[in-house]
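In this note's numbering, the protein residues as written are 878 to 1020.
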């Protein structure tokens, strides 16, 4: 079971990292453009949206457990983990201090200041998302 969990987590991580650009361009691009050029507003909107998605991820798992019990909740944890992975892995810093996410945000219409503010604001929240993603996989395989 531990090998299956490790393989699932590895595949989900690679898939999420590969879909990171999609998450930035499709989800964060319109959000940053809605900030109308304001750097602080873009960072605040990004933090609120990212935190909201993290809370929704947890609420859907808890709701599935409350309504349907343990076995369906385990399956839902895996499915939700796959769906949430691109968003969870989006702000994880790379070796060049968020250069990739800043480049993707700029390509989606953000100013350089907005891209930098969003990347640095979402970075710490990304580690919380990783904990949530890892916890859901651990729950699905080991609870």
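Each residue gets a CB set at the ideal place from its N, CA and C atoms; glycine is no exception.
Cβ distance (whole Å) where residue i is taken to contact residue j below 8 Å
i	j	result
residue 985	residue 906	3 Å
residue 890	residue 966	7 Å
residue 911	residue 991	Going by Cβ atoms, the distance from residue 911 to residue 991 rounds to 11 Å, so no, they are not a contact pair.
residue 909	residue 982	6 Å
residue 952	residue 938	Contact flag wrong, Cβ pair sits at about 11 Å.
Backbone CA spacing between residue i and residue j [nearest angstrom]
i	j	result
residue 915	residue 994	10 Å
residue 968	residue 958	16 Å
residue 970	residue 882	24 Å
residue 878	residue 1019	8 Å
residue 1011	residue 923	22 Å
residue 917	residue 1000	15 Å
residue 932	residue 1014	17 Å
residue 948	residue 1016	11 Å
residue 980	residue 913	19 Å
residue 921	residue 988	15 Å
residue 901	residue 884	26 Å
Where the alpha helix (DSSP H) through residue i begins and ends
i	result
residue 930	916-945
residue 977	976-984
residue 1010	989-1019
residue 884	879-895
residue 908	906-910
(request) Evaluate contact between the stretch 941-951 and the stretch 991-1006, counting only Cβ atoms and requiring at least three cross-stretch pairs below 8 Å. (result) No contact exists between the stretch 941-951 and the stretch 991-1006.
(message) Does the stretch 922-929 come into contact with the stretch 891-898, if we say contact requires no fewer than three beta-carbon pairs (one atom in each stretch) closer than 8 Å?
(response) No: the two stretches stay apart, fewer than three of their Cβ pairs being nearer than 8 Å.
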